[in-house]
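Under my numbering, the first residue of the sequence shown is numbered 141, with each subsequent residue one higher. Virtual Cβ for every residue (Gly too), placed ideally from N, Cα, C. If you're wondering where the values come from, they're calculated on a predicted model, not measured in any experiment. What follows is a short report on a single structure.
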Amino acid sequence: MTAKFFRAAPYADDAMNLPVRDIDAAIPFYESKMGFRVASRSDEGCRKAVLERDTIQIGLAENGGDPAQEGCFFEVDDVEAAVAELRLYDSSFKADLQIQKHGDTTYQLFFVIAPDGLCYCIGEAQQ
């Protein structure tokens with residue numbers, strides 16, 4: 141059972157320029173633990189990689205930014221399936237499911253901190 145990721149909303153400005161210190165060290169986590177695949181890479185300017193999963197894309201960039209200050213909210217169709225999927229990739233993964241309201245929408249969600257320091261919130265809108 142897998143969750144469908146259908147929206148990526150950056151915490152700051154741009155989900156396509158999320159800062160990492162080392163692209164090559166960061167990518168394996170996204171591929172092996174989060175179900176992303178590399179769509180493209182570039183070494184022009186700063187090193188970048190575009191990762192995709194389902195209908196979303198994110199970009200990792202060696203742009204000098206602080207990964208601990210950035211990340212994305214990923215909206216999924218089934219937050220419990222997302223937790224189960226992450227546990228398949230890493231049996232020690234623990235999710236602290238919580239309910240939070242953002243604007244007029246209530247989400248069931250949890251957080252994942254990538255080894256590169258980026259923080260991701262994964263959530264499902266509640267009816």
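{"Check": "Proximity winner among Q197, G185 and E210, relative to D256 (alpha-carbon distances)", "Outcome": "E210"}
{"Check": "K234: first and last residue of the uninterrupted beta strand (DSSP E) it sits in", "Outcome": "No beta strand (DSSP E) holds K234; DSSP gives it neither H nor E."}
{"Check": "Exposure of R177, with buried meaning 16 or more beta-carbon neighbours within 10 Å", "Outcome": "exposed"}
{"Check": "C-alpha distance - A208 paired with M141, whole-angstrom precision", "Outcome": "30 Å"}
{"Check": "Alpha carbon of M152 to alpha carbon of I198, nearest angstrom", "Outcome": "For clarity, residue 152 is Ala in the given sequence; the question names Met instead. Each residue's Cα considered, the two are about 13 Å apart."}
{"Check": "Assigned secondary structure, K144 (DSSP; H/G/I helix, E/B strand, else coil)", "Outcome": "coil"}
{"Check": "First and last residue of the uninterrupted beta strand (DSSP E) at F214", "Outcome": "G211 to V216"}
{"Check": "Helix, strand or coil at F169 [DSSP, three-state]", "Outcome": "helix"}
{"Check": "Pick from C186, I196, D194 and E192 that is closest to G204, judged by C-alpha positions", "Outcome": "C186"}
{"Check": "Nearest-angstrom Cα separation, counted from V190 out to F146", "Outcome": "16 Å"}
{"Check": "Straight-line Cα distance separating Q267 from L200", "Outcome": "33 Å"}
{"Check": "Beta-carbon proximity list for E192, same chain, < 7 Å, skipping 5 on both sides", "Outcome": "F176, R177 and A179"}
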